[in-house]
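The numbering used here puts the sequence shown at residues 11 to 381.
Right, one structure below, let's go through it.
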Amino acid sequence: MIPDVAGRLCASGVEVVVQEGAGVLAHFPDAAYTEKGATLRPGAGEALSGAALVAKVQAPTPGEIDLLPEAVTVVSFLQPGAQLDTVRALVARKATAFSLDLVPRISRAQSMDALSSQATVSGYLSALAAAERLPKFFPMFMTAAGTVPPAKVLVLGAGVAGLQAIATARRLGAQVRAFDVRAAAKEEVQSLGATFVELELESQEGSGGYARVQSEEFLARQRELISNEVAVSDVVITTAAVPGRQAPVLVTTPMVERMVEGSVIVDMAADSGGNCELSEPGKDIEHHGVVVCGLSNPPSAMPTHASFLYSRNVANFLALIVVDGELRPDFDDEIVVGSCVVRAGEIVHAPTAELLSGAADPAGAPKEPAS
Ligand code: NAD
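Here you go:
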């Protein structure tokens, strides 16, 4: 929560408590919060005790939930399918929990779409990470010593992050090609001045603007068809994801071995299993002279603006559930109901309930992002 947004909440009649040092790594000092009317408390225990509502980035840990009063409301990136212990602890606390990654993707909810705002940061950073590691220029240069050709960048996955990676690589002067399994992505790729790679594959459009789960046969065919594109690229940036699932493997070790020495792969999906078989989250590894950079939690590498955007997403969401300083969620609102995982201790998000009852496969489900 950045100080300006904390100030706006204070002005709306909400009492805001901030854990000391919460903003320091994002360059928001404690004093900036008190100047805006917020109260500082020294540790997590003191900051959380007595809270009616807790807003966080990551889901609270079961240990933090123990510190919360009964019937508390939590707003965070809960990712309930991957955080079943947290969900159990919230149920035990009779809490109400909203997950920003479940906010339905409708126009009215765009200002609360934290997945998109953080993907924008990640996409931008992935292009910069590639440019930094490539031992070549991104732009074309015509110099007295000779002409330097532009770098060839291939972006796999052209959602919010991929489009931002394309835009950033284009701004740096690279020649950009991109592929996505959703046919709708083609026009967006082209509108950024990049070339859409046409593969003979059927579109994998799912619901809510997301890709659907692809079969292993489909992915094998995709790898085969994209292999030559990968081999001739200086840079491959991968951003492909299917909500709630392991990231699909798009670049295998033999594909990396066909790339020219000095080439770079930036894998934005490293935290969810990786689009490249070789990537490790938070690490650069070198294989056959190719650097494979597994980005881990990229928004944390640009904390000031990541926090700026996330705070606004949170504040816009709070405007739906806090009325005149009182917590009053309107459960007839599709955004409120769609993002609610636990309501007064009861699991109301069907895929999570299924997982907890053991009816679904925890490695795969949930299949759909929203209820
Ligand atoms: P995401 O992070 O879940 O996935 C990233 C991209 O990977 C997606 O474009 C997906 O199609 C692609 N992908 C999945 N499997 C792939 C594969 N095997 N090969 C290549 N690409 C693959 O998605 P996202 O970026 O959060 O959102 C996707 C789209 O949703 C956006 O581009 C946008 O059109 C839409 N959207 C709509 C709203 C809204 O209407 N409010 C908000 C945000 C996004």
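We put the CB at the ideal spot given by N, CA and C, even for glycine.
Cutoff 8 Å; reference residue i; Cβ partners in own chain excluding five residues on either side
| i | result |
| --- | --- |
| residue 98 | 72, 366 |
| residue 160 | 147, 148, 149, 150, 183, 184, 185 |
| residue 132 | 171, 174, 249, 278, 305, 308, 309 |
| residue 368 | none |
| residue 214 | 191, 192, 221, 222, 224, 228 |
| residue 96 | 69, 70, 71, 72, 75, 88, 90 |
| residue 313 | 35, 36, 37 |
| residue 263 | 287, 288, 297 |
DSSP beta-bridge partners of residue i
| i | result |
| --- | --- |
| residue 356 | 353 |
| residue 337 | 332 |
| residue 109 | 86 |
| residue 151 | 158 |
| residue 318 | Paired residue(s): none; residue 318 is not in a bridge. |
| residue 303 | 276, 294 |
| residue 50 | 28 |
| residue 260 | Answer is none; residue 260 lacks a bridge partner. |
| residue 247 | 165, 276 |
| residue 205 | 187 |
| residue 286 | 261 |
| residue 63 | 83 |
Beta carbon of residue i nearer than 7 Å to that of residue j
| i | j | result |
| --- | --- | --- |
| residue 85 | residue 105 | no |
| residue 189 | residue 166 | yes |
| residue 257 | residue 282 | yes |
| residue 16 | residue 48 | yes |
| residue 300 | residue 109 | no |
| residue 244 | residue 289 | no |
| residue 286 | residue 294 | no |
| residue 21 | residue 337 | no |
| residue 27 | residue 43 | no |
| residue 100 | residue 107 | yes |
Candidates the options, of which the one nearest residue i by Cα
| i | options | result |
| --- | --- | --- |
| residue 78 | 199, 216, 362, 103 | 103 |
| residue 298 | 307, 269, 306 | 269 |
| residue 192 | 158, 232, 163 | 232 |
| residue 145 | 154, 158, 152 | 158 |
| residue 176 | 209, 141, 302, 348 | 141 |
| residue 324 | 210, 128, 40 | 128 |
| residue 208 | 196, 215, 214 | 196 |
| residue 345 | 213, 118, 285 | 118 |
| residue 271 | 296, 263, 21 | 296 |
| residue 239 | 253, 260, 293 | 260 |
| residue 32 | 23, 12, 18 | 12 |
| residue 242 | 267, 255, 230 | 267 |
| residue 60 | 113, 80, 46 | 80 |
| residue 18 | 168, 329, 210 | 329 |
| residue 235 | 339, 265, 255, 254 | 265 |
| residue 254 | 130, 339, 362 | 362 |
Chain-order list of residues whose beta-carbon lies under 6 Å from that of residue i (same chain, five-residue window excluded)
| i | result |
| --- | --- |
| residue 111 | 87, 89, 125 |
| residue 115 | 218, 219 |
| residue 66 | 86 |
| residue 347 | 341 |
| residue 163 | 179, 184, 186, 245 |
| residue 204 | 176, 186, 188 |
| residue 168 | 188, 190, 195, 199 |
| residue 64 | 84 |
| residue 291 | 280, 281, 304, 306 |
Same chain, Cβ closer than 7 Å to residue i, five either side skipped, listed in chain order
| i | result |
| --- | --- |
| residue 30 | 40, 50, 51, 52 |
| residue 24 | 332, 335 |
| residue 94 | 365, 366 |
Requested in this report: Pair every Cβ in the stretch 269-287 with every Cβ in the stretch 134-149, then say whether three or more of these pairs are closer than 8 Å.
Outcome: yes
Query raised in the report: Any contact of the stretch 213-220 with the stretch 240-250, i.e. 3+ C-beta pairs under 8 Å?
Result: no
Query raised in the report: Within the chosen definition, does the stretch 356-363 reach the stretch 115-133 through at least 3 CB pairs nearer than 8 Å?
Result: no
Query raised in the report: Any contact of the stretch 200-217 with the stretch 305-320, i.e. 3+ C-beta pairs under 8 Å?
Result: no
Query raised in the report: Given 8 Å as the limit, is there contact between the stretch 38-54 and the stretch 331-346, that is, 3 or more CB pairs closer than that?
Result: no
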